[in-house]
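Asks: Numbering (this note's numbering), first residue to last: 1 to 112. Backbone N, C-alpha and C fix where the C-beta goes; we use that ideal spot for every residue, glycine too. This is the structure I want to talk about, given as structure tokens.
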């Protein structure tokens, strides 16, 4: 009887505690978001003092906006739950507007 208990405990430890396999969707979504965040950070972390006013406007109003609206937002919205109020289109656009505001104030950039 003791041997059976020992065998059951060992088999539970061996098979019952093995790590579960991650889903295919989760890592790819996070990998995509990581790449997109890297692109956006590369844009925002440029030394904008070394650029003309027109170039600054292009960097913030066009390059950054394009990546944010057409790459970042769709992935976040697609993978957020409907009841998750942290990520909806209105809030994501408000975050984008906050980024604009910071750069508008610092570099007098006006995105049309």
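Within a Cβ cutoff of 8 Å, which residues of the same chain sit near residue 39, ignoring the five residues on either side of it in sequence?
Replies: Position 39 of the chain shown, counted from the start, is the residue given in the question as residue 39. Answer for residue 39: 67, 71, listed in chain order.
Asks: Label residue 110 either buried or exposed according to how many other C-beta atoms from any shown protein chain fall within 10 Å of its C-beta, with 16 as the threshold for buried.
Replies: On the chain shown, residue 110 is found 110 positions in, with the first residue counted as 1. So residue 110 ends up on the exposed side.
Asks: Which complete alpha helix (DSSP H) runs does the region 38-105 hold, if anything under 4 residues is left out?
Replies: 53-57, 73-79
Asks: Can you tell me whether residue 34 is helix, strand or coil according to DSSP?
Replies: As a position in the chain shown, residue 34 is number 34, starting the count at 1. Of the three classes helix, strand and coil, the one that applies to residue 34 here is helix, per DSSP.
Asks: Using 8 Å as the threshold, is the C-beta distance between residue 92 and residue 73 below it?
Replies: Working through the chain shown from its first residue, we reach residue 92 at position 92. Working through the chain shown from its first residue, we reach residue 73 at position 73. Contact: yes.
Asks: From residue 90 to residue 106, what distance separates their C-alpha atoms?
Replies: For the purposes of this step, residue 90 is taken as the residue at position 90 of the chain shown. For the purposes of this step, residue 106 is taken as the residue at position 106 of the chain shown. Spanning the two alpha carbons is a distance of roughly 25 Å.
Asks: CB residue 59 to CB residue 48, shorter than 8 Å?
Replies: Within the chain shown, numbered from 1, the residue matching residue 59 stands at position 59. Within the chain shown, numbered from 1, the residue matching residue 48 stands at position 48. Yes, the Cβ-Cβ distance between residue 59 and residue 48 is below 8 Å.
Asks: For residue 79, I'd like the list of residues in its chain whose CB is within less than 6 Å of its CB, leaving aside the five on either flank, ordered along the chain.
Replies: Working through the chain shown from its first residue, we reach residue 79 at position 79. In its chain, beyond the 5 residues on either side, 29 have a beta carbon closer than 6 Å to the beta carbon of residue 79.
Asks: Mind checking whether residue 87 and residue 96 have CB atoms under 8 Å apart?
Replies: Position 87 of the chain shown, counted from the first residue, corresponds to residue 87. Position 96 of the chain shown, counted from the first residue, corresponds to residue 96. Taking 8 Å as the Cβ cut-off, residue 87 and residue 96 do not qualify as a contacting pair.
Asks: Suppose you measure from the CA of residue 31 to the CA of residue 75; what does that come to, to the nearest Å?
Replies: The residue labelled residue 31 in the question sits at position 31 within the chain shown. The residue labelled residue 75 in the question sits at position 75 within the chain shown. Going by the C-alpha atoms only, they are around 11 Å apart.
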